[in-house]
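Chains as they are written, first to last, in the numbering used here: chain Z, 398 to 705; chain B, 398 to 705.
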């Protein structure tokens, strides 16, 4: 079937997976159809819980996501997974590993997996994260899992776009526990110690539990083993608990407004950056090099040019 | 010795290493002293060749940098290394590995190594890259090597800030050669196949050579083995060749102006993002959610607010 933008929209809304896949490509390419869809769906945030999962390469995120899919499916909940891969052409293959494992679900219409990589395109992971989530949400999934490698900007991207953010780590990576704490407190709603079958995992978990500050929502520390399939249902319980917490405390609408705020901020910056590239800077640069103006002056001049 | 900002400046200029180290911390912290130094040194771009090196974890970048230091020192050239580490608190330790190896040079005043990590600070690798290079340059080093992991934004950062950018890879990582080519053509001045003692390296190298488009400067493909210390002096020759090319073609002054242009762009964006955070968006978000305005309208309204 060939879709036009109207039929794409209506087919997404009834959960057509091919329409969804097509629409995601439009959004990734920032085509006019993509823009149309995002505008149409913007105010239609659905009931899906957006769950983010981030962690170092080797922490077993992808296997854990597979286990979560299995557990959700056993409860008859539909799941979409969006894997954001900040890998580059030089990183030696996709950091998030082989999505082929997930092929076990290709026959299941209630599981949808999409990878978005920035391979070969320098300068920016998925600016399309927000919009892709909109489409998945409009397609009626019960749970949307966003997976990314914890490196640089990508984990901020996750935290800003998800209702529930999970940070996965394993014990014995030799990290400074104070730094881990700082990072977790900044973005995690749930902290996962994966590979809990390894020695030291229990101890690491309880160390972390002791360090986490009590709060209205106290970040739980979950021990899981994706390979041995343990701790998964306990983890799901915590994810559900966080969802109930967000709903009951009215933090959910706040979280979604924050998501929009972040997205608008990104788009404004993008738009201004584009404008900036068209500004003639030669004169300002020359003055800087001749020490006639300071850097602060130069920035003020550029902002003035940008906004006149 | 206790430095004030004036003495820091004068001591950097005569190559005092402790003053340099202190000044770099000021720049990293974006302190008023840091700002003063950057303004003072802005127009004093020196004669150092700024050499960038990026590549996947495991490609042997750091060992290669060690070899380059050794080779430059044997020619009695002074070298500064700035290692930009985009690792996060969850990435299991510094991606760029242990700088302790470099301790062999601690007694050598003509080698200076500095790591800048974003560990524990989410949302942004070294905004201080440009300024740090300024300081190293002002300190009179002959060569400045900027090393980073090839992932996401960090390799753009490198390419924008360096005179000569080198991309390191190893054969057998299973990457799509067309994607590698696309990425290389975008940022590399020199392409390195490291671990050339491994089987397949020669073949991979000549495949790449055949794919690279001839140009005014045709990207050379260098085979090196950091562990066996082979190909290093040939690599240095290519780095020198590129430097001569930049100078003779007047591309050097252009490259440096581009560096300034990029830096000013970053700073303008940063400044506007800060302003954006202070803007009241509630009303615009509500209108969006009520489908009263489009996203494009919302962005235009925000830009208007930002610039009034």
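A virtual CB, placed ideally from N, CA and C, is assigned to each residue, including glycine.
Are the CB atoms of residue j and residue i within a distance shorter than 7 Å?
i	j	result
residue 602(B)	residue 620(B)	yes
residue 586(B)	residue 561(B)	yes
residue 457(B)	residue 591(B)	yes
residue 542(B)	residue 555(B)	no
residue 422(Z)	residue 545(Z)	no
residue 399(B)	residue 433(B)	no
residue 477(Z)	residue 512(Z)	no
residue 666(B)	residue 666(Z)	yes
residue 588(Z)	residue 618(Z)	yes
residue 525(B)	residue 424(B)	yes
residue 707(B)	residue 558(B)	Absent from the model: residue 707(B). The displayed extent of chain B is 398 to 705, so no value can be given.
residue 568(B)	residue 594(B)	no
residue 669(B)	residue 699(Z)	no
residue 468(Z)	residue 629(Z)	yes
residue 692(B)	residue 654(Z)	no
Run down chain B in chain order and give the residues with a C-beta less than 7 Å from the C-beta of residue i.
i	result
residue 435(Z)	692
residue 695(Z)	661
residue 654(Z)	682
residue 606(Z)	Near residue 606(Z) there are no residues of chain B at all, since even the closest Cβ is about 17 Å away, more than 7 Å.
residue 439(Z)	685, 692
residue 450(Z)	None at all; the shortest Cβ gap to chain B is about 11 Å.
residue 699(Z)	661, 665
residue 678(Z)	658, 661
Let's test the definition: count the other Cβ atoms within 10 Å of the Cβ of residue i and tell me whether it reaches 16, buried, or not, exposed.
i	result
residue 634(Z)	exposed
residue 482(Z)	buried
residue 657(B)	buried
residue 636(B)	buried
residue 639(Z)	buried
residue 489(B)	Any reading at residue 489(B) needs caution, since the residue's pLDDT is 43, under 50, leaving its predicted position unreliable; the model's value is listed next. Result: buried.
residue 492(Z)	Residue confidence for residue 492(Z) is low, a pLDDT of 47 falling below 50, so the modelled location carries little weight; the figure read from the coordinates is stated next. By the neighbour-count rule (16 or more Cβ atoms within 10 Å), residue 492(Z) is buried.
residue 677(Z)	exposed
residue 520(B)	Any reading at residue 520(B) must be qualified, since the residue scores a pLDDT of 38, below 50, and its modelled position is unreliable; the value itself is stated next. That one is exposed.
residue 463(Z)	buried
residue 405(B)	buried
residue 466(B)	buried
residue 689(B)	exposed
residue 611(Z)	exposed
residue 672(Z)	exposed
residue 531(Z)	buried
residue 516(Z)	Confidence at residue 516(Z) is low in this model, with a pLDDT of 45, below 50, so its placement is unreliable and the value that follows should be read with caution. By the 10 Å Cβ count, residue 516(Z) comes out buried.
residue 651(B)	exposed
residue 687(B)	exposed
residue 430(Z)	buried
residue 446(Z)	buried
residue 459(B)	buried
residue 616(Z)	buried
residue 566(Z)	buried
residue 454(Z)	buried
residue 461(Z)	buried
residue 685(Z)	buried
residue 417(Z)	buried
residue 584(B)	buried
residue 696(Z)	buried
Along chain Z, which residues have their Cβ under 9 Å away from the Cβ of residue i?
i	result
residue 666(B)	666, 669, 670, 673
Given the structure, does residue i come close to the ligand NAP, in the sense that its CB is under 6 Å from one of the ligand's heavy atoms?
i	result
residue 663(B)	This structure lacks the ligand NAP; in fact it carries no ligand of any kind.
Whose Cβ in chain Z lies nearer than 7 Å to the Cβ of residue i?
i	result
residue 582(B)	Neighbours of residue 582(B) on chain Z: none; closest Cβ ~10 Å, over 7 Å.
residue 704(B)	704
Could you name the residues of chain B that residue i contacts, counting a contact when the two beta carbons are closer than 8 Å?
i	result
residue 688(Z)	439, 440
Taking C-beta pairs closer than 9 Å, name the residues in chain B that residue i reaches, listed in chain order.
i	result
residue 447(Z)	Here the premise fails: no neighbours, minimum Cβ distance about 17 Å.
Quick check on residue i - is its C-beta less than 7 Å from some C-beta in chain C?
i	result
residue 683(Z)	Any reference to chain C falls outside this structure, whose protein chains are Z and B.
- At a cut of 8 Å, does the stretch 402–414 of chain B reach the stretch 533–542 of chain B through at least three beta carbon pairs? Here the stretch 402–414 of chain B lies against the stretch 533–542 of chain B, with 3 or more beta-carbon pairs under 8 Å apart.
- State whether the stretch 644–653 of chain B contacts the stretch 661–673 of chain B, with contact taken as three or more CB pairs (one from each stretch) at a distance under 8 Å. These segments do not touch.
- With contact counted as at least three CB pairs below 8 Å, one residue from each stretch, are the stretch 421–440 of chain B and the stretch 461–472 of chain B in contact? By the Cβ test, the stretch 421–440 of chain B is not in contact with the stretch 461–472 of chain B, since fewer than three Cβ pairs between them sit closer than 8 Å.
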